[in-house]
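2 protein chains.
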Amino acid sequence: MVLDPPLAKPLVERLAVIGIGLIGSSILHAAKARRLAGTTVASDASEAVRTRATELGLGDEIAPSAAEAVKGADLVIICVPVGAMAAVAAEIGPYLEAGAIVSDVGSVKGAVLAALKAHIPGGAHVIPAHPVAGTEYSGPDAGFATLFQNRWCILTPPDGADEKAVAKLTEVWTAMGANVETMSAEHHDLVLAITSHVPHLIAYNIVGTAADLEAVTQSEVIKFSAGGFRDFTRIAASDPTMWRDVFLNNREAVIEVLGRFTEDLIALQRAIRWEQGDALFDLFTRTRAIRRSIIELGQETAAPDFGREHD
Amino acid sequence: MVLDPPLAKPLVERLAVIGIGLIGSSILHAAKARRLAGTTVASDASEAVRTRATELGLGDEIAPSAAEAVKGADLVIICVPVGAMAAVAAEIGPYLEAGAIVSDVGSVKGAVLAALKAHIPGGAHVIPAHPVAGTEYSGPDAGFATLFQNRWCILTPPDGADEKAVAKLTEVWTAMGANVETMSAEHHDLVLAITSHVPHLIAYNIVGTAADLEAVTQSEVIKFSAGGFRDFTRIAASDPTMWRDVFLNNREAVIEVLGRFTEDLIALQRAIRWEQGDALFDLFTRTRAIRRSIIELGQETAAPDFGREHD
Chain A
22 MVLDPPLAKP
32 LVERLAVIGI
42 GLIGSSILHA
52 AKARRLAGTT
62 VASDASEAVR
72 TRATELGLGD
82 EIAPSAAEAV
92 KGADLVIICV
102 PVGAMAAVAA
112 EIGPYLEAGA
122 IVSDVGSVKG
132 AVLAALKAHI
142 PGGAHVIPAH
152 PVAGTEYSGP
162 DAGFATLFQN
172 RWCILTPPDG
182 ADEKAVAKLT
192 EVWTAMGANV
202 ETMSAEHHDL
212 VLAITSHVPH
222 LIAYNIVGTA
232 ADLEAVTQSE
242 VIKFSAGGFR
252 DFTRIAASDP
262 TMWRDVFLNN
272 REAVIEVLGR
282 FTEDLIALQR
292 AIRWEQGDAL
302 FDLFTRTRAI
312 RRSIIELGQE
322 TAAPDFGREH
332 D
Chain B
22 MVLDPPLAKP
32 LVERLAVIGI
42 GLIGSSILHA
52 AKARRLAGTT
62 VASDASEAVR
72 TRATELGLGD
82 EIAPSAAEAV
92 KGADLVIICV
102 PVGAMAAVAA
112 EIGPYLEAGA
122 IVSDVGSVKG
132 AVLAALKAHI
142 PGGAHVIPAH
152 PVAGTEYSGP
162 DAGFATLFQN
172 RWCILTPPDG
182 ADEKAVAKLT
192 EVWTAMGANV
202 ETMSAEHHDL
212 VLAITSHVPH
222 LIAYNIVGTA
232 ADLEAVTQSE
242 VIKFSAGGFR
252 DFTRIAASDP
262 TMWRDVFLNN
272 REAVIEVLGR
282 FTEDLIALQR
292 AIRWEQGDAL
302 FDLFTRTRAI
312 RRSIIELGQE
322 TAAPDFGREH
332 D
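Structure representation (structure tokens):
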């Protein structure tokens with residue numbers, strides 16, 4: 022699957038992307054490839070990143086600050102770690118056009134909605150969003166135009182959100198190849214706790230546990246990682262700042278789901294201790310079916326071993 | 022990397038492979054590609070599998086039973102689930118040639134060594150082995166010749182094992198592209214508990230937890246699985262019988278490592294509850310370095326997202 026050709030008429034006049042990491046740079050690539058905006062302008066708090074973005078030709082303009090970037094923009098997408106959202110919103114608030122749509126790509130939606138609502142003036146439309154897509158790489162070099170292809174983007178418009186603004190943002194994400202779904206911020210945060218946040222936490226955790234075992238050397242962990250361990254190291258290589266902020270800002274849902282995970286794990290440990298082979302076999306059979314469903318829905322490759330090269 | 026050309030002179034005269042699943046069929050493919058044996062003979066307890074193996078041309082001969090297969094073989098590799106090892110050893114014991122090498126590919130070595138020693142007569146050389154390689158697929162169609170390329174194969178010869186037999190088995194695995202390492206069965210079982218067994222268990226567990234959450238539908242789990250969850254579904258799709266047997270036969274090491282994992286996870290949960298962002302950030306940075314080491318050692322791809330297709 023490849024991206025459709027550029028649109029005959031851009032969907033927005035001026036698109037501002039604040040934060041040029043994996044997601045921000047992918048939006049800029051996709052926006053260019055599909056001509057989503059008359060003009061794209063990007064900014065980043067880091068001067069080094071702004072320089073690199075210029076070298077990479079990301080965006081028609083690179084602005085020196087977020088405040089500068091949003092001037093005249095009819096769509097602003099904030100692509101910074103969740104913990105930096107309030108500061109960016111406070112900075113851009115006074116410079117937003119009346120009627121501008123202000124959205125984001127954060128992995129947590131309740132805390133982001135609160136941060137944006139506190140700082141974005143009433144004349145702008147706050148429509149938080151979360152494209153469920155990514156890789157383990159970060160920064161302006163990591164982005165690519167097809168990152169959102171056939172992935173879901175979840176919008177969490179607050180009660181009473183402007184319908185036209187929601188429709189416009191839906192059009193933009195659809196044009197980037199995403200399937201758009203709408204739900205409450207609260208439900209989003211629970212769904213993502215199980216499909217993303219807790220999986221990341223246990224991946225980080227097992228990699229930490231392995232590194233700290235005295236009886237097994239780090240060299241052994243690395244050499245024999247093809248036994249399964251290496252799969253976990255991919256998401257445990259994700260951006261530390263982004264993920265610290267996710268856990269700090271989705272505490273309740275993460276702790277709730279983690280409680281369920283631990284309860285289930287201890288039951289499994291008990292089944293091993295008491296040699297209850299049937300209980301193990303039943304679970305291991307059930308989980309196989311779930312992967313098949315994910316593959317059938319086009320959310321995963323059917324190639325063995327994720328399609329890793331074997332020769 | 023591709024396999025080297027066929028050997029001028031086979032390493033063994035008659036290679037018997039008992040059990041034609043992912044590993045057994047991969048050995049047969051590799052043995053053929055590299056001409057490791059004068060003749061290869063394979064067998065499987067399932068008639069359907071034997072028929073399929075014949076259709077696939079796996080092995081020069083397909084024997085109707087394990088006992089038949091090992092007659093005249095100088096190398097026997099048992100590729101059945103760990104729990105079936107004792108029964109196969111008991112069946113083949115009386116039919117082994119004096120001086121034959123009897124090996125296996127099981128993911129647990131202490132229990133396998135005990136099972137083999139109980140049933141294999143003294144005239145044969147028991148040298149257990151474990152190639153740390155695989156995919157999430159099972160059965161005779163799943164194998165391929167390069168599965169073991171640049172992966173490690175761990176030999177766990179018992180005290181006093183015949184050195185020539187160890188050297189011969191090392192040659193065979195090296196010829197299939199593997200790096201060979203030798204250690205005690207006990208140490209193997211601890212190393213694999215952290216690099217393979219516990220990772221599989223927590224993958225099975227998170228997939229089960231997700232399926233059982235009442236507040237999140239199965240359809241949501243599947244749709245939004247690209248947030249990280251789908252990575253876990255790969256190893257949670259592995260063969261249920263094989264993995265049930267692994268946990269039942271490596272109970273002590275699995276429970277020990279699982280205890281460490283849970284302790285670390287609860288500390289992490291506490292750090293989230295008390296908003297200790299620095300502790301999270303430090304762990305998340307440390308784990309990134311471990312993935313880099315795995316990639317540098319050629320045990321993992323550097324391609325984003327395992328090289329999954331994004332377009």
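Residue numbers (the working numbering), protein chains in the order written: chain A, 22 to 332; chain B, 22 to 332. Heads up, the beta-carbon is just placed ideally off N, CA and C, and yes, glycines get one too.
At a CB distance below 8 Å, what residues from the region 307 to 331 of chain B approach chain A? Give them in sequence order. Per Cβ criterion, the list reads R307, T308, R309, I311, R312, R313, S314, I315, L318, Q320, E321, T322, P325, D326, F327, G328, R329, E330 and H331.
Run of the alpha helix (DSSP H) containing A:R251, from where it starts to where it stops: A:R251 -> alpha helix (DSSP H) spans F250 to I256.
Checking contacts by CB at 8 Å: is A:Y116 closer than that to chain B? no
Between A:G164, A:D183, A:D180 and A:V187, which lies nearest to A:C174 when the distance is taken from Cα to Cα? With distances taken between CA atoms, A:C174 lies nearest to A:V187 out of A:G164, A:D183, A:D180 and A:V187.
With 16 other Cβ atoms within 10 Å as the buried cut-off, status of B:A134: One point to set straight first is that residue 134 of chain B is Leu, not Ala, in the sequence displayed. Label assigned to B:L134: buried.
Going by CA-CA distance only, name the one from A:H146, A:R294 and A:F268 that's closest to B:L289. A:F268
Cβ contact (3+ pairs, closer than 8 Å) linking the region 112 to 124 of chain B and the region 41 to 58 of chain B: no
From A:A292 to B:L304, what distance separates their C-alpha atoms? Roughly 30 Å separates the two Cα atoms.
Give the residues of chain A in contact with B:D125, contact being defined as C-beta atoms less than 8 Å apart. Taking a Cβ-Cβ cut-off of 8 Å, B:D125 has no neighbours in chain A, whose nearest Cβ is about 16 Å from it.
Under 8 Å between C-beta atoms of B:D210 and B:A274: yes
Any idea what DSSP makes of A:T230, helix, strand or coil? helix
Would you please verify whether the beta carbon of A:E235 is less than 8 Å from any beta carbon of chain B? no
Using a Cβ-Cβ cutoff of less than 7 Å, which residues in the same chain neighbour A:R172 once the five nearest sequence positions on both sides are dropped? P152, V153, A154 and A199
Would you decide whether B:V101 is buried or exposed? Buried here means 16 or more other CB atoms lie within 10 Å of its CB. buried
Please indicate yes or no: does the CB of A:A63 lie closer than 7 Å to some heavy atom of the ligand ATP? Ligands in the displayed structure: none, and consequently the ligand ATP is not present.
Could you tell me which residues DSSP pairs with B:R35 in its beta bridges? B:T60
Closer than 7 Å, Cβ to any Cβ of chain B: which residues of the region 234 to 261 of chain A, in chain order? L234, A236, V237, E241, V242, I243, K244, F245, S246, A247, G248, G249, F250, R251, D252, F253, T254, R255, I256, A257, A258 and P261
Bounding residues of the beta strand (DSSP E) (the contiguous stretch that carries B:V123): I122 to D125
Looking at the C-beta of B:R73, does it have a partner C-beta in chain A at a distance below 8 Å? no
Bridge-paired residues (DSSP) for A:T203: A:L176
Taking the C-alpha atoms as reference points, what is the distance between B:P261 and B:N226? When rounded, the distance between both Cα atoms is 13 Å.
Opposite A:H146 in the DSSP bridges: which residues? A:I122
B:E273 - DSSP class collapsed to helix/strand/coil: helix
Using 8 Å as the limit for Cβ to Cβ distance, is A:E157 near chain B? With 8 Å as the cut-off, A:E157 counts as an interface residue toward chain B.
In its own chain, which residues sit with a C-beta less than 8 Å from the C-beta of A:W162, not counting the 5 before and 5 after it? Here residue 162 of chain A is Asp; the residue named in the question, Trp, does not match the sequence. So the list reads S46, R73 and L77, once near-sequence residues are dropped.
Is it the case that the Cβ atoms of A:V242 and B:I215 are separated by a distance below 8 Å? yes
Using the Cα positions of A:I44 and B:R307, report the straight-line distance between them to the nearest angstrom. Their Cα atoms are separated by approximately 23 Å.
How many Å lie between A:E336 and B:T254 at the Cα? Because chain A spans 22 through 332 in this model, residue 336 of chain A falls outside it and cannot be assessed.
Whose C-beta lies closer than 7 Å to the C-beta of B:A224 among residues of the same chain, with five residues either side of it excluded? F253, I256 and A257
Terminal residues of the continuous beta strand (DSSP E) containing B:L96? L96 to I99
In the DSSP assignment, find the alpha helix (DSSP H) that holds B:F327 and state where it starts and stops. Taken as a continuous stretch (DSSP letters only), B:F327 belongs to no alpha helix (DSSP H), as it is neither H nor E.
Listed from N- to C-terminal order along the chain, which residues in the region 217 to 231 of chain B have their beta-carbon within a distance smaller than 9 Å of any beta-carbon of chain A? S217, H218, V219, P220, H221, L222, I223, A224, Y225, N226, I227, V228, G229, T230 and A231
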